[in-house]
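A short worksheet on the structure shown next.
Residue numbers (the numbering used here): 813 to 982.
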């Protein structure tokens with residue numbers, strides 16, 4: 813309820829239980845179309861705009877279109893991780909690099925922004941626990957560091973000159 817009024821949202825599904833129609837409380841209709849591999853290939857928005865997704869033979873998104881015009885392209889590495897996104901509408905390119913454990917280690921964009929990540933690795937395993945994150949944009953740089961106890965619980969975050977500590981009950 814909002815403002816004392818009941819709001820109704822409607823959903824329609826195909827025989828494979830994929831959402832084909834969504835109608836919001838203001839009676840705006842969004843329609844989805846899928847290919848034979850269950851990939852969403854087309855979305856018709858309430859204003860008539862058409863959003864389309866293009867897939868490779870491994871059913872991974874390699875492009876997106878807006879009203880029939882290419883708007884994004886995606887490149888991937890041999891593990892399927894997105895390594896480059898080209899925004900053809902705004903002329904921006906974003907890249908990501910990954911380590912051998914498929915963890916993102918850096919992200920850049922063609923406007924000069926960059927984010928780097930390092931991880932706390934143990935002698936015989938790779939972890940998702942962040943060690944540092946560094947954000948750079950123009951002349952601005954910010955580094956955030958993360959420390960963990962022997963139970964892999966986050967005990968300290970250092971963000972620039974600020975340090976935040978976390979204690980845990982046994």
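Ideal Cβ positions, reconstructed from N, Cα and C, are used throughout, including at glycine.
Relative to the C-alpha of residue 866, which residue among 858, 889, 853 and 928 is closest? Taking only the C-alpha atoms, the option nearest residue 866 is 853.
Nearest-angstrom Cβ-Cβ length linking residue 885 and residue 898, presumed shorter than 8 Å: Contact between residue 885 and residue 898 holds: their C-beta atoms lie close to 5 Å from each other, under 8 Å.
How would you write the range of the beta strand (DSSP E) that residue 984 sits in, first residue to last? Here the chain comprises residues numbered 813 to 982, so residue 984 is not present and cannot be evaluated.
Could you work out which residue in 939, 970, 938 and 934 is closest to residue 946 when comparing CA atoms only? Residue 946 has its Cα closest to that of 970, out of 939, 970, 938 and 934.
So the candidates are 830, 827, 841 and 828; which of them puts its Cα closest to the Cα of residue 820? Of the listed residues, the one whose Cα sits closest to residue 820 is 841.
With a CB to CB cut of under 6 Å and the five nearest residues on each side skipped, what residues in its chain are close to residue 948? Correct list, in chain order: 926.
Contact check, residue 941 vs residue 952, beta carbons under 8 Å: No, the pair does not count as a contact, with Cβ atoms beyond the cut-off.
Closest Cα partner of residue 891 within the set 870, 862 and 875: Among 870, 862 and 875, the Cα nearest to that of residue 891 is on 870.
Assuming residue 918 and residue 933 form a contact by the criterion Cβ under 8 Å, report the distance between their Cβ atoms to the nearest whole angstrom. Not quite, the Cβ-Cβ distance comes to about 17 Å (not below 8 Å), so this is no contact.
Start-end ranges of the beta strand (DSSP E) lying completely within the region 855-931, minimum 3 residues: You should have 862-867, 873-878, 881-888, 894-899, 904-910, 916-921 and 925-931.
Taking C-alpha atoms, which residue in 828, 844 and 982 lies nearest to residue 835? Across the set 828, 844 and 982, the C-alpha of 844 shows the shortest separation from the C-alpha of residue 835.
Could you please give the first and the last residue of the uninterrupted beta strand (DSSP E) stretch that includes residue 949? In the DSSP annotation of this structure, the continuous segment of the beta strand (DSSP E) that includes residue 949 starts and ends at 942-949.
Which residue or residues does DSSP assign as beta-bridge partners of residue 938? Under DSSP, residue 938 shares a beta bridge with no residue.
Spatial neighbours of residue 903 within its chain, please: CB distance less than 6 Å, with the 5 preceding and 5 following residues excluded, ordered by chain position. Non-local beta-carbon contacts of residue 903 in its own chain, meaning distances under 6 Å to residues more than five positions away in sequence, are absent.
Measure the Cβ-Cβ separation of residue 965 and residue 980 and say whether it is below 8 Å. Yes; because the gap between Cβ atoms is below 8 Å, this pair is in contact.
Where do the N-terminal and C-terminal ends of the beta strand (DSSP E) with residue 845 fall, by residue? Its beta strand (DSSP E) spans residues 841-846.
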